[in-house]
Amino acid sequence: MNFAITNIDIVTPFRLIEAGTIVVEGRKIVGIGSAKEVDVPGKHRVFDCPGMILTPGFVDLLVHGGGGYGFADMSLEAVRHISEFYFSHGTTGMLAALYSKPEKDMVADVKRIAEFCQNSKSSNIWGIHLEGPFINKSFHGAMKADYLWPPSVSGWEKLYDASHGFVRLMTIAPELPNVEDVMRAAAKNGVVLSIGHSSATYQEVLKAIDNGAAHVTHMFNAMKPFHHRDPGVVLAALLHNELKLELIADGIHVHPAVMKLIYRIKGEGGILLITDAIRASGMPDGDYTFMDQVIRVKGKKAFLSDGTLAGSTLTMEEAVKNMVQLVDVPLTDAVRMASLNGAKVLGLEHKKGILAVGKDADLVVMNRSFEVQMTICEGVIQFTSDGMTELATE
């Protein structure tokens, strides 16, 4: 399909093109700029969107589910539902997060997601984020401690082989015994290693960086709190540019003032907005299952009976909105954290997360209230609000 979107404020995300035009042919962007700079071919469908915002598609590297379904559900249909749900919220790229389970069950989950990735075209599910099983029992969060595995290369190989290479990222606790062999084996296969659910000391984090760690899972959550005489993951993550930070920007997992602090320290290039969303995302308050436990959702907060936070109900457009409105981050920076930075972590910045000629046409149209009006993935319109179709002309 060939089309153009005109009269829209374009966030590239490095700059803002006011009342700009973007032209798409097939799966690629072929023109972008001001109305004076870009000609729209006569046979292209045109969406005229005054007052709206166009951004790159959002990239979320930690998603457990949404719209009433979870990636750990024993069904490919559940995966399809989750994909469609997040298209409606602007996510054109994500990793299916799988939590720790007994070996047989976790391997089955990995195989199912890999099968979906192998057989899907223009999908927003790019691969798998293993949130475990090699994490610290003292910081298991909402996961069942009995489901964690002792680190071993053989255990890692079972998971990776089952994924057919679709494991892209793995959360790991670098302080565990024998874990360095697992880290090196994963890193050799191009898997991004993320420190999380961890009590690692400052020195252990530095050693982990040498062994391939480049990422930190949901910053501040499920890790030893910062202490000025005993620094650990938090301080190392803030000080070392080798580590990119995931941030659940819902205002619940991290206070907005703390979000502002890490933005000032790490800058727009060092933070990735993620949701850590569960099946309750997009659903009403009530009780749901997650990690084989009952989770209660009330006022967008998801928690166990003892009050432990258990994922979120956040979506990516809400994360961008919160960064702009709660943290006073410029729109361009907030969008970069929600798009290009995640693509960079996965080595896809040459075609994803940025609006420029030759890049994949992964696009999100939002109104000024940050409500998604249209989502396009590789040139294919995957979601439109009722109002968008009225804006189109042939």
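Just remember that our numbering sits 12 ahead of the position in the sequence shown, which is counted from 1. C-beta: ideal position from N, C-alpha, C; glycine also.
Ala355 and Cys389 have their C-alpha atoms some 14 Å from each other. Distance from the CA of Arg196 to the CA of Ala31, rounded to the nearest whole angstrom, comes to 49 Å.
Between Tyr172 and Asn131, the C-beta gap is not smaller than 8 Å, which leaves the two residues out of contact. When secondary structure is reduced to three states using DSSP, Trp168 falls in the helix class. The beta carbon of Leu321 sits closer than 8 Å to the beta carbons of Gly153, Ala154, Asn233, Ile264, His265, Lys313, Ala314, Phe315 from its chain, once the five residues preceding and following it are set aside; these are given in chain order. In terms of Cβ geometry, Leu74 and Leu110 do not form a close pair [threshold 8 Å].
Boundaries for Gly139: no alpha helix (DSSP H) harbours it, while the beta strand (DSSP E) harbouring it runs 137 to 143, taken from the DSSP string. Taking 8 Å as the cut-off, the Cβ atoms of Val191 and Phe146 count as close. Judged by DSSP in its simplified three-state form, Cys61 adopts coil rather than helix or strand. Under the three-state reduction of DSSP, Asp299 is assigned to strand. In this structure, the alpha-carbon of Met295 lies about 12 Å from that of Arg308.
Contact between the segment 88 to 95 and the segment 113 to 131 is present: 3 or more CB-CB pairs across the two stretches fall below 8 Å. By the criterion of a C-beta distance shorter than 6 Å, Tyr81 is surrounded in its chain by Ala90, His93, Ile94, Arg291, once the five residues flanking it on both sides are discounted. Cβ contact annotation for Ala199 (same chain, cutoff 8 Å, sequence separation greater than five): Leu205, Asn223, Gly224, in chain order. Taken atom to atom, the span from the alpha-carbon of Ala331 to that of Asp72 is near 11 Å.
For the options Ala248, Met378, Gly281, Val50, the alpha carbon positioned closest to that of Ala220 is the one of Ala248. Taken in chain order, the unbroken stretches of beta strand (DSSP E) that lie wholly in the segment 42 to 118 and span 3 residues or more are 57 to 60, 65 to 68, 70 to 75, 103 to 111. When secondary structure is reduced to three states using DSSP, Phe315 falls in the strand class. It is roughly 5 Å from the alpha-carbon of Asp60 to the alpha-carbon of Thr18. For Ile29, the three-state secondary structure derived from DSSP is strand. As the crow flies, the alpha-carbon of Ser210 is around 51 Å from that of Arg57.
Checking the DSSP bridge columns, you'll see Asn14 partnered with Glu37.
For Val341, no beta strand (DSSP E) segment is defined, and its DSSP state is neither H nor E.
The alpha-carbon of Asp21 is positioned some 12 Å away from that of Leu367. Annotation for His230: Glu258, Ile260, Asp288 place their beta carbon closer than 6 Å to its own, counting only its chain and skipping 5 residues before and after.
For Leu218, the uninterrupted alpha helix (DSSP H) segment begins and ends at 214 to 222.
With contacts defined by Cβ atoms closer than 8 Å, Val35 and Val23 do not form a contacting pair. Met13 sits exposed, since fewer than 16 C-beta atoms from the chains shown fall within 10 Å of its C-beta. For Glu330, the enclosing alpha helix (DSSP H) begins and ends at 328 to 337.
Ranking Leu326, Lys116, Lys364, Ser397 by CA distance to the CA of Thr67 puts Lys364 first.
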